[in-house]
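Chemist: Numbering (the working numbering), first residue to last: 3 to 756.
Ideal placement from N, C-alpha and C gives every residue a C-beta, glycine not left out.
Starting off with a structure, shown below.
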Amino acid sequence: MDIEKLLKRRVSFEADLECLTMNESNEGENIVAGQWANQSIGVFTSGGDAQGMNAAVRAIVRVGMYIGCKVYYIKEGYQGMVDGGNNIQEATWLSSSNMIHMGGTLIGSARCMDFRERWGRLKAAQNLIQWGITNLIAIGGDGSLTGANCFRQEWPSLVRELFDKALISKEKQAQFSHLNIVGLVGSIDNDFCGTDMTIGVDTALHRILEAVDNIMTTAVSHKRAFVLEIMGRTCGYLALAAGIACEASVIFIPEDPPAGDWRQYLCDNLMEKSKSGESRRTHIVLVAEGAVDREGNPIKCNDVQKVLSDQMKMDVRVTVLGHVQRGGNASAFDRLLGSRMGAEAVLALMDAAPTTPACVICLDGSDIVRVPLLKAVQRTRRVAELMAERKFDEVLQLRGRPIVKNLIIYEKQVKVIPHPSLVGSSRKKFYRLAMIHVGQPACGMNAVARGFVSVCISKGYQPHFIYNSWEGLTLGKVKPITWNEVHHWTSEGGSLLGTSVETAYKIGLRSIATRLNEFDISGLIIVGGFEAFQSAYEIAKGREMYQELCIPIIVVPATIANNVPGCNMSIGCDTAINQICKSACSRIKNKQEFSGVKQGLIIRNENSNFNITTDFMYRLFNEEGKPFCTARQAILGHTQEGNKASPYDRAAGIKAGCRSTDWLINIIEGLGARDGVPVYSDSPSTVVVLIERKDHSEHCPVLDLALQTDFENRLPKFQWWLRLRNLHKILSWPTKRNEDKKDADSKSIMFVDH
3 MDIEKLLKRR VSFEADLECL TMNESNEGEN IVAGQWANQS IGVFTSGGDA QGMNAAVRAI
63 VRVGMYIGCK VYYIKEGYQG MVDGGNNIQE ATWLSSSNMI HMGGTLIGSA RCMDFRERWG
123 RLKAAQNLIQ WGITNLIAIG GDGSLTGANC FRQEWPSLVR ELFDKALISK EKQAQFSHLN
183 IVGLVGSIDN DFCGTDMTIG VDTALHRILE AVDNIMTTAV SHKRAFVLEI MGRTCGYLAL
243 AAGIACEASV IFIPEDPPAG DWRQYLCDNL MEKSKSGESR RTHIVLVAEG AVDREGNPIK
303 CNDVQKVLSD QMKMDVRVTV LGHVQRGGNA SAFDRLLGSR MGAEAVLALM DAAPTTPACV
363 ICLDGSDIVR VPLLKAVQRT RRVAELMAER KFDEVLQLRG RPIVKNLIIY EKQVKVIPHP
423 SLVGSSRKKF YRLAMIHVGQ PACGMNAVAR GFVSVCISKG YQPHFIYNSW EGLTLGKVKP
483 ITWNEVHHWT SEGGSLLGTS VETAYKIGLR SIATRLNEFD ISGLIIVGGF EAFQSAYEIA
543 KGREMYQELC IPIIVVPATI ANNVPGCNMS IGCDTAINQI CKSACSRIKN KQEFSGVKQG
603 LIIRNENSNF NITTDFMYRL FNEEGKPFCT ARQAILGHTQ EGNKASPYDR AAGIKAGCRS
663 TDWLINIIEG LGARDGVPVY SDSPSTVVVL IERKDHSEHC PVLDLALQTD FENRLPKFQW
723 WLRLRNLHKI LSWPTKRNED KKDADSKSIM FVDH
């Protein structure tokens with residue numbers, strides 16, 4: 003299947019997607035405390051569990067309490083709603099504490115056949131009315147959300163039947179005449195149409211890649227191939243995203259079966275790699291649990307193992323990860339996603355009216371949006387029908403942007419065949435593209451390098467690495483690179499090219515221009531943080547003096563500081579946040595908790611205040627808190643940069659490397675460059691920053707972005723994540739303490755500086 007053509011034919015598909023979006027969220031707006039007093043909200047989790055569900059429940063409870071609502075846990079999903087009794091309990095601030103990081107769902111989930119029957123739904127309605135609940139938030143997959151929507155549609159008739167049977171009074175019938183429903187998609191499969199990511203997907207990718215990284219050591223040692231079965235039911239997102247992030251040799255997913263015989267496809271793929279000079283000691287093959295061939299026949303791990311053993315004469319092992327993928331603590335991404343979606347769900351309920359369609363809270367790029375529940379469910383169900391009909395092109399269209407764009411990137415990585423201009427004894431003149439790392443190291447930088455090399459080689463351009471940043475360039479540390487040299491780079495942290503915080507102007511534009519001309523560099527990718535952006539800005543300003551700088555240049559944002567103008571999420575941020583959450587905060591909190599003390603955690607930025615330092619706050623609380631509390635301090639430092647890149651940063655790095663290289667090549671070819679003719683362009687539009695938007699990549703000129711930049715403080719003037727401050731204030735501390743009595747127990751406060 004030609005995925006590129008499929009993406010180009012998506013105009014009507016994208017227009018159809020727009021009709022799904024109801025409106026933007028209220029995220030970032032001021033929320034008035036107590037404005038929805040005397041309302042009641044019920045929250046339940048249903049179907050399969052997913053990491054991040056507890057974060058969503060916590061946010062629902064705390065935002066609900068903030069606006070004056072009573073919030074109730076409905077335990078054990080629909081079964082608890084039908085059974086009532088102790089399964090419905092009022093939530094408190096304390097009951098929602100210390101749960102944001104936990105996997106699974108603390109309020110339980112269960113399959114419920116009773117709710118499929120009308121008598122079961124009637125009993126559930128009676129229990130909700132008994133507790134005064136007229137607003138429901140359902141967290142689960144498409145089946146759970148479909149059940150919730152049907153329940154809402156039946157609600158008036160259920161209330162009428164309860165009154166006719168004298169189970170509720172006339173006043174109750176009038177008071178509970180309608181039910182509001184909002185859905186959150188909690189599923190590791192990422193199979194729900196309308197949202198880019200579901201709650202739990204990112205953590206599942208963490209579990210998969212942790213397993214692959216561990217398997218890789220033994221696979222390389224024994225020169226073995228490993229076949230891994232990946233969960234996801236009939237959706238191949240997990241296998242596809244993991245395949246990009248772990249440099250898998252072959253993947254099998256339900257949405258894009260190989261043409262012809264899959265066995266021949268598998269063997270041809272591996273033999274092609276050998277012929278192209280790719281040397282690997284091991285091969286990783288990922289098989290989605292719902293993988294099928296073009297005829298709809300299942301592809302199983304044992305079948306793949308047999309083909310590799312019998313036809314390729316490989317030593318092969320099979321690993322089925324199973325429910326390991328749904329276990330463990332939630333990743334930072336899922337904690338944040340669950341919190342944002344949970345908060346928006348509460349606000350959506352408060353905005354609802356009897357005539358308002360039920361909605362589901364979705365992620366669109368970096369934005370939280372509300373989507374009509376019924377339309378989204380119908381689209382998701384349509385995918386299953388098309389899968390059964392084996393209409394795979396239409397399946398990919400309905401799956402949407404994430405899986406289609408990932409397929410394009412995967413194909414560029416898995417089929418790296420040297421262009422004819424790069425092989426043979428009589429080479430024609432080809433153009434050299436170079437990559438340099440500038441600024442502090444960040445996980446994902448090496449993944450960008452791998453993506454860069456793959457596209458260069460496939461399209462007939464010679465990739466070069468510049469080692470040790472700008473200083474290395476002036477010293478002539480420029481080297482051509484081959485595909486074999488960047489194997490297993492995707493997961494590696496830091497910068498294998500070497501990096502420095504010195505900008506181009508500080509090193510010397512003349513020296514840089516001379517070396518770029520000497521090495522005949524026709525295009526340059528600068529990977530890094532604010533220093534990379536500033537270097538590109540300095541080069542753009544210096545083109546008038548040095549014509550050698552008039553080549554296409556693109557900046558790929560990669561920094562844990564996330565301070566590159568125009569960029570929503572820099573490569574490296576996700577790994578750093580996970581390091582802070584997992585390696586520091588969780589371990590520190592556990593140490594305090596198991597020491598038998600009540601604890602709190604204060605996190606401050608290293609430059610938040612010049613005078614009120616971490617040490618000052620530590621000594622202040624120790625002195626003034628006697629005898630009620632003690633304090634400890636920890637400075638995380640460079641541990642935040644991480645060791646192994648997170649799944650998000652691996653995939654983002656590969657994509658950025660491919661897309662930035664594609665841009666360079668398009669610019670060079672658009673200039674009409676021919677063999678032997680130097681590339682020249684002094685247009686401001688040829689020095690840009692790569693910016694990922696929700697449905698496309700943008701290339702913003704650095705001279706335009708400079709107008710939106712605070713160079714003194716090294717910050718963009720607008721940062722989208724600042725709108726999360728209100729949410730943090732609501733979730734971190736109650737507006738009114740439920741417990742007013744003084745507690746003389748020992749307490750501990752930990753200050754974390756990062």
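Helix, strand or coil, according to DSSP, for Gln313 in the structure here?
Modeler: Three-state result, Gln313: coil.
Chemist: Using the beta-carbon count (16 or more within 10 Å), is Gly262 buried or exposed?
Modeler: Classification of Gly262: exposed, given that the 10 Å Cβ count is below 16.
Chemist: Is the distance from the Cβ of Ile201 to the Cβ of Ala52 below 7 Å?
Modeler: Yes, the Cβ-Cβ distance between Ile201 and Ala52 is below 7 Å.
Chemist: Taking the alpha carbon of Trp157 as the reference point, which residue from Ile141, Ile135, Gly145 has its own alpha carbon closest?
Modeler: For the residues Ile141, Ile135, Gly145, the minimum Cα distance to Trp157 belongs to Ile135.
Chemist: Going by DSSP, what residue range makes up the alpha helix (DSSP H) through Tyr539?
Modeler: Start and end: 532-544.
Chemist: What did DSSP end up calling Ala332 once you bin it into helix, strand or coil?
Modeler: Three-state result, Ala332: coil.
Chemist: Consult DSSP for Lys628 and reduce its assignment to one of helix, strand or coil.
Modeler: Coil at Lys628, not helix or strand.
Chemist: Between Tyr650 and the rest of its own chain, which residues show a CB-CB distance below 7 Å, the 5 nearest in sequence each way excluded?
Modeler: The answer, listed in chain order, is Asp204, Phe335, Asp576.
Chemist: Drop a sphere of 10 angstroms on the beta-carbon of Trp735, count the other beta-carbons inside from all chains shown, and report buried for 16 or more, exposed for fewer.
Modeler: Exposed: under 16 other Cβ atoms inside 10 Å.
Chemist: Are Val704 and Val681 close, meaning C-beta to C-beta below 7 Å?
Modeler: For Val704 and Val681, no; Cβs fall outside 7 Å.
Chemist: Tell me, please, whether the segment 205-215 touches the segment 323-333 by the rule of three or more beta-carbon pairs shorter than 8 Å.
Modeler: Yes, the segment 205-215 touches the segment 323-333.
Chemist: Could you give the distance in angstroms between the alpha-carbon of Ile483 and the alpha-carbon of Ala654?
Modeler: Looking at the two C-alpha atoms, the distance is approximately 22 Å.
Chemist: Where does Glu694 fall in DSSP's three states?
Modeler: Glu694 falls in the strand class under three-state DSSP.
Chemist: So, is Ser428 buried or exposed, given that buried needs 16 or more other C-beta atoms within 10 angstroms?
Modeler: Its pLDDT being 35, under 50, Ser428 is placed unreliably by the model, and nothing is read from it.
Chemist: Checking 7 Å against the spacing of the C-beta atoms, do Cys269 and Gln307 come in under that value?
Modeler: Cβ distance not < 7 Å, so Cys269 and Gln307 don't count as in contact.
Chemist: Counting C-beta neighbours from all protein chains within 10 Å, is the total for Ala221 16 or more, i.e. buried, or is it exposed?
Modeler: Buried.
Chemist: Go to Met437, then tell me how far its beta strand (DSSP E) extends in each direction, as first and last residue.
Modeler: It spans 434-440 - the beta strand (DSSP E) in which Met437 sits, taken as one unbroken run.
Chemist: For Leu288, list the residues DSSP reports as bridge partners.
Modeler: Answer is Leu230, Ile253, bridged to Leu288.
Chemist: Taking 8 Å as the threshold, find out whether the segment 484-502 comes into contact with the segment 441-460 through three or more Cβ pairs.
Modeler: Short answer: they touch.
Chemist: Looking at the secondary structure, which residues open and close the beta strand (DSSP E) in which Thr476 lies?
Modeler: That residue, Thr476, is in no beta strand (DSSP E); its alpha helix (DSSP H) goes 471-476.
Chemist: What are the uninterrupted segments assigned as alpha helix (DSSP H) that are 4 or more residues long and contained completely in the segment 142-191, given in chain order?
Modeler: DSSP runs (the alpha helix (DSSP H)) wholly in the segment 142-191: 144-166, 172-177.
Chemist: With 16 other CB atoms within 10 Å as the buried threshold, where does Glu297 fall?
Modeler: Flag for Glu297 reads exposed.
Chemist: Quick one: grab the DSSP three-state call for Lys308.
Modeler: Lys308: helix per DSSP, three-state reduction.
Chemist: With burial defined as no fewer than 16 other Cβ atoms inside 10 Å of the residue's Cβ, what is the status of Pro300: buried or exposed?
Modeler: Exposed, because fewer than 16 other Cβ atoms sit within 10 Å of the Cβ of Pro300.
Chemist: How many Å lie between Ala58 and Phe153 at the Cα?
Modeler: About 22 Å.
Chemist: Candidates Lys77, Val379, Ile670, Arg342: which alpha carbon is nearest Glu31's?
Modeler: Of the candidates Lys77, Val379, Ile670, Arg342, the one whose C-alpha sits nearest the C-alpha of Glu31 is Arg342.
Chemist: Determine the closest residue to Gly49 out of Asn271, Phe117, Trp38, with distance taken between C-alpha atoms.
Modeler: Comparing Cα-Cα distances from Gly49 to each of Asn271, Phe117, Trp38, the minimum goes to Phe117.
Chemist: Would Leu351 and Asn624 be called neighbours here (beta carbons separated by less than 7 Å)?
Modeler: It is not a contact, given that the beta carbons lie outside the stated cut-off.
Chemist: Give the C-beta separation of Leu147 and Ala140 to the nearest angstrom, bearing in mind that I take them to be a contact with Cβ-Cβ under 8 Å.
Modeler: Leu147 to Ala140, Cβ: 6 Å. Contact.
Chemist: At 3 residues or longer, what runs of the beta strand (DSSP E) sit wholly inside the segment 599-669?
Modeler: With a minimum length of 3 residues, the continuous beta strand (DSSP E) runs that stay inside the segment 599-669 are 600-606, 631-637.
Chemist: With a threshold of 8 Å, are at least 3 pairs of Cβ atoms found where one atom belongs to the segment 552-563 and the other to the segment 657-668?
Modeler: Flag = yes, the segment 552-563 and the segment 657-668 touch.
Chemist: Am I right that Ser514 and Thr476 are in contact with their C-beta atoms under 8 Å? What's the rounded C-beta distance?
Modeler: Here residue 514 turns out to be Ile, not Ser, going by the sequence shown. 7 Å between Cβ atoms; contact.
Chemist: State the start and end residues of the unbroken alpha helix (DSSP H) segment that holds Leu733.
Modeler: It spans 727-734 - the alpha helix (DSSP H) in which Leu733 sits, taken as one unbroken run.
Chemist: Can you tell me which of Glu346, Lys167, Ile363, Val73 puts its alpha carbon nearest to the alpha carbon of Asp144?
Modeler: Of the listed residues, the one whose Cα sits closest to Asp144 is Ile363.
Chemist: Quick one, are the C-beta atoms of Ala560 and Gly344 less than 7 Å apart?
Modeler: Taking 7 Å as the Cβ cut-off, Ala560 and Gly344 do not qualify as a contacting pair.
Chemist: Let's test the definition: count the other Cβ atoms within 10 Å of the Cβ of Val348 and tell me whether it reaches 16, buried, or not, exposed.
Modeler: Classification for Val348: buried.
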